[in-house]
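Inspection log for the structure reproduced underneath, given as structure tokens.
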Amino acid sequence: MKAEKILGIGLALVIAVFLVMNFMALGGLALDKDEVTNTLSVQGSGEVNVQPDTAIINIGLETRDSNAAAAQEKNNVIMEEVVAAMKTIGIDSKDIKTEYYNMYRGYDHNTNTEQELYIVNNTLKITVREIENVGQAIDTAVDLGANQVNSIQFTLSDDAELYKEALAKALTDAGEKAEQLAQSTGRPLKGIVSIVENTNQSPVMYDYGYSREAAAASPIETGELQVRATVQVVYEH
Numbered sequence: 002m003k004a005e006k007i008l009g010i011g012l013a014l015v016i017a018v019f020l021v022m023n024f025m026a027l028g029g030l031a032l033d034k035d036e037v038t039n040t041l042s043v044q045g046s047g048e049v050n051v052q053p054d055t056a057i058i059n060i061g062l063e064t065r066d067s068n069a070a071a072a073q074e075k076n077n078v079i080m081e082e083v084v085a086a087m088k089t090i091g092i093d094s095k096d097i098k099t100e101y102y103n104m105y106r107g108y109d110h111n112t113n114t115e116q117e118l119y120i121v122n123n124t125l126k127i128t129v130r131e132i133e134n135v136g137q138a139i140d141t142a143v144d145l146g147a148n149q150v151n152s153i154q155f156t157l158s159d160d161a162e163l164y165k166e167a168l169a170k171a172l173t174d175a176g177e178k179a180e181q182l183a184q185s186t187g188r189p190l191k192g193i194v195s196i197v198e199n200t201n202q203s204p205v206m207y208d209y210g211y212s213r214e215a216a217a218a219s220p221i222e223t224g225e226l227q228v229r230a231t232v233q234v235v236y237e238h
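See below:
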């Protein structure tokens, strides 16, 4: 009988502890629910238009000969002259880079015999930091024998300050959107919870297919670059 009484008291204590723990858990859940705040997430964007100050041109030369050494020699002579000429118009050695070089065996399909040839392709990547010299650089290379002008890329030497300006515009844009949305709901903004920055900047690229006549008649227009910034802002609402 005494043992049964002790067992009953123990069981009652276990039940009591279980009930207290469940009550505390429910109270905790209710408290967490009360602490949840409303948020409003918006994306802001900003951009700055600017004239590019640097051009990257891709100039190539293809030479052909029935003799491999002769095909290479022709190519080397012309490209050495092109490199030397680039330096005379103010382009630094570090801004002239061989980007591609290849020699392979092919055929001259313009003859009835389809004579076997050795074909050499050589491409230079030239960075022109004085952008007004782009046309002169291309004309000079072509006059010396380069027969491929593959592309011209206009870019910026330093866009750090411009990006900061675009970023400020993006944040302002996000704030204006958030205010407009908040007014429509009748609930004021209480502050910023988080900001996530994303960048999306691309230089303007021009594909410049070589044509001696077109190059002489048409000036190269640099256009404008757009320095862009986007932010994702979460506000307490």
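Residue numbering for the sequence shown follows our numbering, starting at 2 and increasing by one per position.
Every residue gets a Cβ at the ideal spot worked out from N, C-alpha and C, and that includes glycine.
> CA-CA distance, residue 44 and residue 180?
Replying inline: 13 Å
>> Is it buried or exposed, residue 133, if we count other Cβ atoms within 10 angstroms and call 16 or more buried?
In response: exposed
> Looking at C-alpha atoms only, which residue of 169, 56, 156, 233 is the closest neighbour of residue 128?
Replying inline: 56
>> Using 8 Å as the threshold, is the C-beta distance between residue 60 and residue 135 below it?
In response: no
> Ordered along the chain, which non-local residues of its own chain (more than five positions away) have a Cβ less than 6 Å from that of residue 75?
Replying inline: 64
> Would residue 138 pass as a contact of residue 62 if the rule is Cβ separation under 8 Å?
Replying inline: no
> Which partner residues does residue 104 have in the DSSP bridge list?
Replying inline: 121
> Nearest-angstrom Cα distance between residue 186 and residue 236?
Replying inline: 14 Å
> How far does the beta strand (DSSP E) with residue 190 in it reach, from first residue to last?
Replying inline: Counting along the chain, residue 190 falls outside any beta strand (DSSP E), and DSSP gives it neither H nor E.
> Leaving out five residues before and five after residue 58 in sequence, what residues of the same chain have Cβ atoms less than 6 Å from its Cβ?
Replying inline: 127, 153
> Out of 119, 90, 155, 101, which has the shortest C-alpha to C-alpha gap to residue 108?
Replying inline: 119
> Among 177, 142, 225, which one has its Cα closest to the Cα of residue 234?
Replying inline: 177
>> Quick check on DSSP: helix, strand or coil for residue 139?
In response: helix
> Near residue 122, what residues of its chain come up, given a Cβ to Cβ distance below 6 Å and the 5 sequence neighbours on each side ignored?
Replying inline: 63, 103
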